[in-house]
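Residue numbers 18 to 148, in the numbering used here, belong to the letters of the sequence shown in order. Note that CB positions come from ideal geometry on N, CA and C, so glycine has one too. Structure record follows, encoded as structure tokens.
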Amino acid sequence: MRVLLDTSYLYKLMRAQGWISELERRFFDTWEARLYVSAVSIWEMRLKFWALHPSGARKSPYDPNDVVAALERQGVTFLTMTARHAACDLETPIPHKDPFDELLLVQAQEEGLKLLTDDRRLIGHPLAITA
């Protein structure tokens, strides 16, 4: 199975210091999963890293450069955002209007991937799976 990691899942990995747990590794091995990370997720993480709360604290503590380095150590495949992805309609729309969620689902749809997520707003979508 080819699996695209949702941005929410990348945050979970970074909280775990960039490493996939043994349980998750067994999940991936069972499905012979090949892991993908979209440039869309890295972009979303970058925007949150540079955005500030009214208190002045960053909205995300994870520098996107550190995220990319951790993912490279895990051997994931990076997926670029193409004009085709940007123009494509999502076959099964999502009820909320998060553009990052929609783009990730479009990429999963167009590239024959499943989106691994723990985002409760996406669970139940035909392209979404959970570990």
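- Under the three-state reduction of DSSP, LYS114 is assigned to coil, being neither helix nor strand.
- Selection ALA50, ILE140, ASP115 and ASP80 evaluated against GLN91 yields ALA50 as nearest (Cα-Cα).
- With contacts defined by Cβ atoms closer than 7 Å, VAL20 and LEU52 form a contacting pair.
- The three-state reading of DSSP puts ILE146 in strand, counting E and B together.
- Looking from the CA of VAL57, the closest CA among ALA125, LEU120, ASP80 and GLY129 belongs to LEU120.
- Contact between the segment 99 to 117 and the segment 28 to 35 is not established, with fewer than three Cβ pairs separated by less than 8 Å.
- Shown here for GLY129: same chain residues with a beta carbon closer than 7 Å to its own, the five before and five after excluded, namely ARG19 in chain order.
- Non-local C-beta neighbours of PHE117 in its own chain, meaning closer than 7 Å and more than five positions away in sequence, comprise THR24, VAL57 and GLU61, ordered along the chain.
- A distance of 7 Å or more separates the beta carbons of LEU144 and GLN124.
- The three-state secondary structure of SER55, taken from DSSP, is strand.
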